[in-house]
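Here's the structure we're looking at; comments come further down.
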């Protein structure tokens with residue numbers, strides 16, 4: 035195998051700053067899948083109701 | 712380097728989310744419509760959906776919004792997980808690793824929670840227990856990830872023959888210990904429930920399958936360009 039098709043390990047210290055993206059992504063996931071009466075309720079439930087079918091089909095508890 | 716992987720994950724995730732939305736729209740939506748019809752019939756005239764905030768057509772559009780956002784999230788997390796496991800766990804070949812990681816993600820994040828706490832169509836589920844059901848679902852998802860991680864570590868040292876039983880034992884103990892939830896009304900059609908749940912699982916399979924495939928394809932393209 036050539037060197038290019040092998041997988042060099044990325045050092046943890048290089049990875050660590052990118053862990054900051056995890057909470058941001060999880061907040062988006064929360065808003066889409068979990069937000070029953072939370073943040074999106076502030077929009078008058080509009081976004082929550084809008085994504086209703088997606089939540090059901092993604093298989094998360096909905097109501 | 713990681714930035715490239717991250718953008719690759721977001722791109723593959725967006726494509727996966729859109730295609731999952733298309734699958735859900737074509738396959739899953741009819742079952743949701745049927746379930747809503749049952750919900751409204753049960754609620755009677757006192758509970759009209761005529762003045763709802765978002766029309767059924769709007770919710771069909773919202774399906775694509777939800778799956779695309781979900782795809783972006785999963786794609787981003789997938790890319791970071793890929794960056795970590797690359798060279799540490801799984802196949803050395805980058806494309807094989809992408810597909811293997813997607814299969815593992817589907818197993819841990821979707822299939823493990825689904826078999827214990829499957830998703831429900833409208834008209835199924837007691838609104839008073841939503842908090843408890845959400846916590847149990849997330850616990851099961853976390854155990855799925857834990858079992859996958861343990862399986863990967865054990866696989867590296869002892870191979871499949873030890874990794875698969877370890878995964879199954881962890882998940883099996885959780886299935887046995889955690890409480891079951893049975894809130895399907897006796898009069899809810901069994902065929903509709905089955906169809907909905909299969910379409911729900913199918914949509915997630917499309918999402919993770921496309922994510923892994925597109926991520927692998929983009930890895931190949933990038934390597935050629937370099």
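Chains as they are written, first to last, in this note's numbering: chain L, 35 to 97; chain G, 712 to 937.
Note that the Cβ used here is the ideal one computed from N, Cα and C, for glycine as well.
Would a check of beta-carbon distances place residue i closer than 7 Å to chain L?
| i | result |
| --- | --- |
| residue 787 of chain G | yes |
| residue 719 of chain G | no |
| residue 766 of chain G | no |
| residue 933 of chain G | no |
| residue 930 of chain G | no |
| residue 741 of chain G | no |
| residue 781 of chain G | yes |
| residue 794 of chain G | yes |
| residue 811 of chain G | no |
| residue 893 of chain G | no |
| residue 924 of chain G | no |
Sorted by chain position, which residues of the same chain lie with C-beta nearer than 6 Å to residue i's C-beta, five sequence neighbours on each side aside?
| i | result |
| --- | --- |
| residue 805 of chain G | 930 |
| residue 785 of chain G | 724 |
| residue 915 of chain G | 821 |
| residue 907 of chain G | 742, 832 |
| residue 843 of chain G | none |
Mind checking if residue i is an interface residue toward chain G, Cβ cutoff 7 Å exclusive?
| i | result |
| --- | --- |
| residue 54 of chain L | no |
| residue 61 of chain L | no |
| residue 45 of chain L | no |
| residue 57 of chain L | no |
| residue 50 of chain L | no |
| residue 97 of chain L | yes |
Apart from the five residues just before and just after residue i, which ones in its own chain have a Cβ nearer than 7 Å to its Cβ?
| i | result |
| --- | --- |
| residue 676 of chain G | Here chain G has residues from 712 to 937 only, and residue 676 of chain G is not among them. |
| residue 771 of chain G | 736, 740 |
| residue 787 of chain G | 717, 720, 721, 724 |
| residue 824 of chain G | 848, 851, 852, 855 |
| residue 917 of chain G | 730, 731, 734 |
Residue i by DSSP, collapsed to three states: which one?
| i | result |
| --- | --- |
| residue 38 of chain L | The predicted position of residue 38 of chain L is uncertain, since its pLDDT is 48 and thus under 50; a value taken from the coordinates is nonetheless stated next. It is helical. |
| residue 839 of chain G | helix |
| residue 779 of chain G | helix |
| residue 787 of chain G | helix |
| residue 48 of chain L | helix |
| residue 804 of chain G | coil |
| residue 828 of chain G | coil |
| residue 902 of chain G | helix |
| residue 914 of chain G | helix |
| residue 895 of chain G | coil |
| residue 714 of chain G | helix |
| residue 920 of chain G | helix |
Near residue i, which residues of its chain fall below 8 Å by C-beta distance, leaving aside the five closest residues on each side in sequence?
| i | result |
| --- | --- |
| residue 873 of chain G | 865, 866 |
| residue 38 of chain L | The predicted position of residue 38 of chain L is uncertain, since its pLDDT is 48 and thus under 50; a value taken from the coordinates is nonetheless stated next. Closer than 8 Å at Cβ, skipping near neighbours: no residue. |
| residue 814 of chain G | 919, 923 |
| residue 89 of chain L | 66, 67, 96 |
| residue 667 of chain G | Because chain G in this structure spans residues 712 to 937, residue 667 of chain G falls outside the shown range and cannot be described. |
| residue 793 of chain G | 716, 720, 808, 809, 812, 926 |
| residue 863 of chain G | 796, 800, 801, 815, 874 |
My understanding is that residue i touches residue j, with C-beta atoms under 8 Å, so please give their C-beta distance in whole angstroms.
| i | j | result |
| --- | --- | --- |
| residue 63 of chain L | residue 781 of chain G | 7 Å |
| residue 743 of chain G | residue 87 of chain L | 5 Å |
| residue 859 of chain G | residue 828 of chain G | About 18 Å separates the two Cβ atoms, so there is no contact after all. |
| residue 49 of chain L | residue 713 of chain G | 7 Å |
| residue 750 of chain G | residue 834 of chain G | 4 Å |
| residue 830 of chain G | residue 766 of chain G | With a Cβ gap of about 23 Å, residue 830 of chain G and residue 766 of chain G do not count as contacting. |
| residue 921 of chain G | residue 726 of chain G | 6 Å |
Given the structure, does residue i come close to the ligand NAP, in the sense that its CB is under 6 Å from one of the ligand's heavy atoms?
| i | result |
| --- | --- |
| residue 855 of chain G | Of ligands this structure carries none, so the ligand NAP is not represented either. |
- Which residues, in chain order, does the region 77–94 of chain L contribute to contact with chain A at a C-beta distance below 9 Å? Given the protein chain composition of this structure (L and G), no chain A is represented.
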